[in-house]
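*Asks:* Here it is, the structure in full.
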Amino acid sequence: MRQITSIITLLCSLIIPQTGHAQISGPIQATIGDSQVKMEYGNNANAPTADEVVIYRGDYQHNGDEWINTQWSWVLWWEANKHRYLKQAGSANPQTMTAPVVQRALIKTLNESQHINTLSAAILALGRMQARDAVPVIEPMLKHDSEYLQRAAWLSLALISDPPSIEIYKKTLIDKNARNTVKQAKNESPTLNPQNASAWIIGIGLLKQSDPQLLQTVSLFVLNDQESITDLTGLKLDDQEALQLARLAMWAIRMHNPPGTRALAQRVLTMTVDPELYDQAVLAMADNATEDLVLNVLTPIYHSRPVQYRQVPKALSFVMNQWPGSPVLDQDIASMRTSAAVAYANKTFKNDLRLALLAKRNVARTYRSVPLPKLTSRENRRDRESDHRQPENRLFKFDPWLNHAHDYDLPKQDDVGYALRFGLIALGQLGDLDMDDHETPEDAQLLCDILIGTYPRIAVTQLSPNPAEKVNWQNDPSRGFAALAMGLYLRRLPNNAGEIRHDAMRSQTRYMLRLLTRIASDPTEPSDIRSSCVLGLGLSNMQEASTSLRDVVSQMQSADPLLASYLTLAMGMLGDPMSLQLAKNAFKQTAENIDEAQIRKTGFTQSYTTVALLSQTAIVDGMGCMANPQANQLLYPRLFEDPMTARSMIGAIKNSGDWQVTGSLIALLQNPGSDPQVGPFAAWALGEMYDQNPVPIMTERLLRDRNLTLLLLQPKIKAQSNTCACSAKVKDSKPVRAHSLTQLYLQEINPLLFKQIIKFPRG
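Numbering (this note's numbering), first residue to last: 34 to 796.
Pasting the structure below:
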């Protein structure tokens, strides 16, 4: 009991005022050696010189947040996917009696407010409430001078998705039979321009039901049929605008998956080398997965063969060998391979045993050790005998985090394998589905080996010069992914290990629970790895996991606010009442309602480091899972401390079925005070409170099967007319940024992830 009391006490120090965000001062250029260029490009005559190949690395400030800013941390996957796994224990339909009052307040704001951000939030809130009566008020915003409001209006109409809203979408299409009519001359219909067309396309993806005419038009953007696009919409796009809209259009097609989607995606794969458009095409094919897709598309993309220096997948060979512009960087190919890894986690694979087995075999091979290819040349054999640095075997997919910031001349290493740790998520969902009674759960054991650190330790002992002097194998980012994958693996099983009939599986399940508990309790392990193990236990949804988490609490020997926060969340996910007790000791100050006068005077008062934001959000998410109205007294005093944590708090309040906050939010919307952030937040919060979907439509669709590596990159690709469906002019020297438009919309639904965590390219 004394140990439990100590952990509860340390939770009181969770709220850490910001002393400075984890910063990346900007991209700094570091060239690679000639041997590396030889490894990458072979004898290709078009290979660049060493000085032409640029790797962008972040200049990190070591302040405790490094694990967040490393390449592809597990926290990115969790923040983008947690809405699927947080138990909505108290999800209740919004109060129908107060909904009209809220709608009237939001409509009044549209008529009276001059604040662009508040207007945008109010428009989206009405869309989330599916306020059909508001359509006549929202439609004029399509012609507002602010492109920001035009975008919000298109999205709002899509969320309402009633027949009049869909007709407004179709009004933008030009009627060939009425080109010169007086009606068209009056310009009564909303018009598209390159700035608002992105929201129009995303809106089509958000519509509740597909419309053949709209989807057919969107497909023209995918194929960059400029003549037809202009003919139907009046849009005249430059090449960069066309590429950006093609990316969004492929996503919109994927959301509805109409007949012909697979053929369209296959065509895109042969036309483009743009990572984001390529990604959406791969994921669209995964929605229509077949055995042929796995064998001939996903497998070659996902794997690099253990022969020669690197076997570039057939689908990407054109990129590496014939690309006439700047060379495609390793990061871009890594992103494409991650697309395959994300595709393997598609629900289509889980629903088809044959496809699941094919996918599982690929992801399970990622971390296997295999012999090096045999050398047939006598001269090469002599070189091998004289080169004592050459290891006898290697990891099938070597993860180069061990060699970060140092260029080791190891011609047999696969230096884009880091992206494939996303495959561990798929392995957790698909592993050991084909076990016979006499077999052992090899996939589960592989996840355990990765969590233990078996493979990076092998790499540390084999490589020379020894990277152990620079890097601690415990920090291998794959370990965090393995912990979450173990949670997903256990989640598929009966929630009581004793009910598992297969003896080996039952034994392995208990071992996995013990392993997660042991590493989570080990004070010598990195904080983020311990936190991922705790989340793995929460994801497992097993009865024994609650006892395991209490064991972690009792064994904690040092103050670790991040771990304590994720403990609160994991216990909430499992319905353990101790979650609420931990939250009470973290948020000691209580109040029965919001102090409106103080908020108008001070506005948002705090700004936190990324770690502190993650800590607070985890605690609040745990409280939301418990859905206890009494817990809201812990939230009211700090609801307007930080805009990002406030979003999670509104979600927890809604989940508890407490609607008393509505009056205060309306009052703050109408009289927000001096802080310009209060009004937009109040409008957003009302939309959140009265959204009838347990998971908002924009959140579910915009984050569905999201390949986050694309947002971590800043590709220096200039598309060429003879190689890409969406080509860029040769004379245009401006790089196409893969994240620019996508990030704009993703920030709307998850600013913590897409503004605070994903801020700059990693690498």
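Note that beta-carbon positions come from the ideal geometry of N, C-alpha and C, so glycine has one too.
Quick one: grab the DSSP three-state call for Tyr-641.
*Replies:* The residue you call residue 641 lines up with position 608 of the sequence shown. DSSP places Tyr-641 in strand when its eight states are reduced to three.
*Asks:* Would you mind reading off the limits of the alpha helix (DSSP H) that contains Gly-456?
*Replies:* The residue you call residue 456 lines up with position 423 of the sequence shown. Taken as a continuous stretch (DSSP letters only), the alpha helix (DSSP H) holding Gly-456 covers 456-463.
*Asks:* Looking only at its own chain, which residues have a Cβ that is under 6 angstroms from the Cβ of Arg-280, when we skip the five neighbours before and after it?
*Replies:* Walking along the sequence shown from the start, residue 280 turns up at place 247. Within the same chain, Arg-280 has close Cβ partners Glu-309, Leu-310.
*Asks:* Kindly indicate which residue of Asp-476, Leu-479, Glu-472, Tyr-488 has the alpha-carbon position closest to the one of Ala-537.
*Replies:* Here residue 537 corresponds to residue number 504 of the sequence shown, with the count starting at 1. For the residues Asp-476, Leu-479, Glu-472, Tyr-488, the minimum Cα distance to Ala-537 belongs to Glu-472.
*Asks:* The alpha helix (DSSP H) spanning Thr-728 covers which residue range?
*Replies:* Position 695 of the sequence shown holds residue 728. What sits at residue 728 in the sequence shown is Val, not Thr. No alpha helix (DSSP H) holds Val-728; DSSP gives it neither H nor E.
*Asks:* Under three-state DSSP, which class holds Asp-312?
*Replies:* Sequence index remark: in the sequence shown, residue 312 carries index 279 (1-based). Asp-312 falls in the helix class under three-state DSSP.
*Asks:* Just how far apart, CA to CA, sit Leu-548 and Leu-786?
*Replies:* One-based indexing of the sequence shown puts residue 548 at position 515. One-based indexing of the sequence shown puts residue 786 at position 753. CA-CA distance, Leu-548 to Leu-786, rounds to 29 angstroms.
*Asks:* Could you name the residues of the same chain whose beta carbon sits closer than 6 angstroms to that of Asn-290, not counting the 5 residues immediately before and after it, in chain order?
*Replies:* As a working mapping, residue 290 is identified with position 257 in the sequence shown. Within the same chain, Asn-290 has close Cβ partners Asp-320.
*Asks:* Let me know if Ser-707 comes out buried or exposed under the rule of 16 or more other beta-carbons within 10 Å of its beta-carbon.
*Replies:* As a working mapping, residue 707 is identified with position 674 in the sequence shown. Per the 10 Å Cβ criterion, exposed.
*Asks:* Go ahead and pull the three-state DSSP assignment for Pro-556.
*Replies:* Counting from one through the sequence shown, the residue named residue 556 turns up at place 523. Pro-556 falls in the coil class under three-state DSSP.
*Asks:* If you measure between the beta carbons of Leu-523 and Ser-564, is that distance less than 8 angstroms?
*Replies:* Counting from one through the sequence shown, the residue named residue 523 turns up at place 490. Counting from one through the sequence shown, the residue named residue 564 turns up at place 531. For Leu-523 and Ser-564, no; Cβs fall outside 8 angstroms.
*Asks:* Would you call the stretch 177-196 in contact with the stretch 733-745, where contact means no fewer than 3 C-beta pairs closer than 8 angstroms?
*Replies:* Taking 8 angstroms as the limit for Cβ pairs, the verdict is that the stretch 733-745 does not touch the stretch 177-196.
*Asks:* What number of angstroms, rounded off, separates the C-alpha of Ile-791 from the C-alpha of Arg-680?
*Replies:* Along the sequence shown, one-based indexing puts residue 791 at 758. Along the sequence shown, one-based indexing puts residue 680 at 647. Each residue's alpha carbon lies about 18 angstroms from the other.
*Asks:* Using CA atoms only, rank isn't needed, just tell me which of Ala-685, Ala-700, Leu-647, Thr-650 is closest to Gln-663.
*Replies:* On the sequence shown, residue 663 is found 630 positions in, with the first residue counted as 1. With distances taken between Cα atoms, Gln-663 lies closest to Ala-685.
*Asks:* What are the start and end residues of each continuous alpha helix (DSSP H) run of 4 or more residues lying completely inside the stretch 124-151, in chain order?
*Replies:* Runs found: 132-145.
*Asks:* Using the Cα positions of His-437 and Phe-254, report the straight-line distance between them to the nearest angstrom.
*Replies:* Along the sequence shown, read from residue 1 onward, the residue named residue 437 stands at position 404. Along the sequence shown, read from residue 1 onward, the residue named residue 254 stands at position 221. Any reading at His-437 must be qualified, since the residue scores a pLDDT of 41, below 50, and its modelled position is unreliable; the value itself is stated next. The alpha-carbon atoms of His-437 and Phe-254 are separated by roughly 39 angstroms.
*Asks:* Are there three or more Cβ pairs, one per stretch, closer than 8 angstroms when the stretch 148-166 is compared with the stretch 714-721?
*Replies:* Taking a cut-off of 8 angstroms for Cβ pairs, the stretch 148-166 and the stretch 714-721 touch, as three or more such pairs fall below it.
*Asks:* Taking a contact to mean a Cβ-Cβ separation below 8 angstroms, would you say Leu-646 touches Gln-789 in this structure?
*Replies:* Numbered from its first residue, the sequence shown carries residue 646 at position 613. Numbered from its first residue, the sequence shown carries residue 789 at position 756. In contact: Leu-646 and Gln-789 (Cβ atoms closer than 8 angstroms).
*Asks:* Mapping the DSSP letters down to three states, classify Glu-781 as helix, strand or coil.
*Replies:* Here the question's residue 781 lines up with position 748 in the sequence shown. Under the three-state reduction of DSSP output, Glu-781 falls in the helix class.
*Asks:* Restricting to Cα atoms, I'd like to know which of Asn-529, Arg-543, Leu-479, Val-327 is closest to Ala-515.
*Replies:* For the purposes of this step, residue 515 is identified with residue 482 of the sequence shown, where counting begins at 1. Ranked by Cα distance from Ala-515, the options Asn-529, Arg-543, Leu-479, Val-327 are led by Leu-479.
*Asks:* For a test of the three-state rule: what should DSSP assign to His-54, helix, strand or coil?
*Replies:* Within the sequence shown, the letter at position 21 stands for residue 54. With a pLDDT of 25 at His-54, under the threshold of 50, the modelled position of this residue cannot be trusted, and the question is left open.
*Asks:* Which one of Gly-571, Tyr-544, Arg-539, Asn-508 has the shortest CA to CA distance from Val-517?
*Replies:* Counting from one through the sequence shown, the residue named residue 517 turns up at place 484. This sequence places Leu at residue 517; Val is not what is there. The residue with the shortest Cα to Cα distance from Leu-517 is Gly-571.
*Asks:* So, at 7 angstroms on beta carbons, what are the nonlocal neighbours of Leu-779 in its own chain, with the 5 sequence-adjacent residues on each side left out?
*Replies:* In the sequence shown, residue 779 corresponds to position 746, counting from 1. The residues are Leu-735, Phe-787.
*Asks:* For Gln-693, count the other beta carbons within 10 Å of its own beta carbon; 16 or more makes it buried, fewer makes it exposed. Which is it?
*Replies:* As a working note, residue 693 is residue 660 in the sequence shown. Gln-693 should be labelled exposed.
*Asks:* Among Leu-206, Gly-236, Lys-617, which has the Cα closest to the Cα of Asp-195?
*Replies:* Mapped onto the sequence shown, residue 195 falls at position 162. The shortest C-alpha separation from Asp-195 is found at Gly-236.
*Asks:* If you drop the 5 nearest sequence neighbours on each side, which residues of the same chain put their C-beta closer than 8 angstroms to that of Pro-797?
*Replies:* Past the edges of the chain, shown from 34 to 796, lies residue 797, and the structure says nothing about it.
*Asks:* Please name the residue in Ile-552, Arg-543, Ser-368 whose C-alpha comes closest to that of Gly-486.
*Replies:* Your numbering for residue 486 matches position 453 in the sequence shown. Answer by Cα proximity: Ile-552.
*Asks:* DSSP three-state label for Tyr-335, please.
*Replies:* The residue you call residue 335 lines up with position 302 of the sequence shown. The DSSP-derived three-state label of Tyr-335 is helix.
*Asks:* In terms of residues, what are the limits of the alpha helix (DSSP H) holding Arg-739?
*Replies:* Reading the sequence shown from its first residue, position 706 is the one you call residue 739. Premise fails: Arg-739 is in no alpha helix (DSSP H) and is neither H nor E.
*Asks:* Can you tell me whether Val-134 is buried or exposed? The criterion is at least 16 other CB atoms within 10 Å of its CB, across all chains shown.
*Replies:* The sequence position of residue 134 within the sequence shown is 101, counting from 1. Classification for Val-134: exposed.
*Asks:* For Asn-626, count the other beta carbons within 10 Å of its own beta carbon; 16 or more makes it buried, fewer makes it exposed. Which is it?
*Replies:* Start at 1 with the first residue of the sequence shown, and residue 626 comes out as number 593. Exposed, since its Cβ has fewer than 16 Cβ neighbours within 10 Å.
*Asks:* Using only alpha-carbon positions, find the residue among Val-327, Glu-781, Met-304 that is nearest to Phe-382.
*Replies:* Taking the sequence shown and counting its residues from 1, one reaches residue 382 at position 349. Per the C-alpha coordinates, the member of Val-327, Glu-781, Met-304 positioned closest to Phe-382 is Val-327.
*Asks:* Between Leu-139, Pro-559, Cys-566, Gly-520, which has its C-alpha nearest Leu-463's C-alpha?
*Replies:* Walking along the sequence shown from the start, residue 463 turns up at place 430. For the residues Leu-139, Pro-559, Cys-566, Gly-520, the minimum Cα distance to Leu-463 belongs to Gly-520.
*Asks:* I need the straight-line Cα distance from Asp-470 to Ala-597, nearest angstrom please.
*Replies:* Counting from one through the sequence shown, the residue named residue 470 turns up at place 437. Counting from one through the sequence shown, the residue named residue 597 turns up at place 564. Their backbone Cα atoms lie some 40 angstroms apart in a straight line.
*Asks:* Of the choices Gln-622, Val-396, Tyr-400, whose alpha-carbon is the least far from that of Val-375?
*Replies:* As a position in the sequence shown, residue 375 is number 342, starting the count at 1. The option with the nearest alpha carbon to Val-375 is Val-396.
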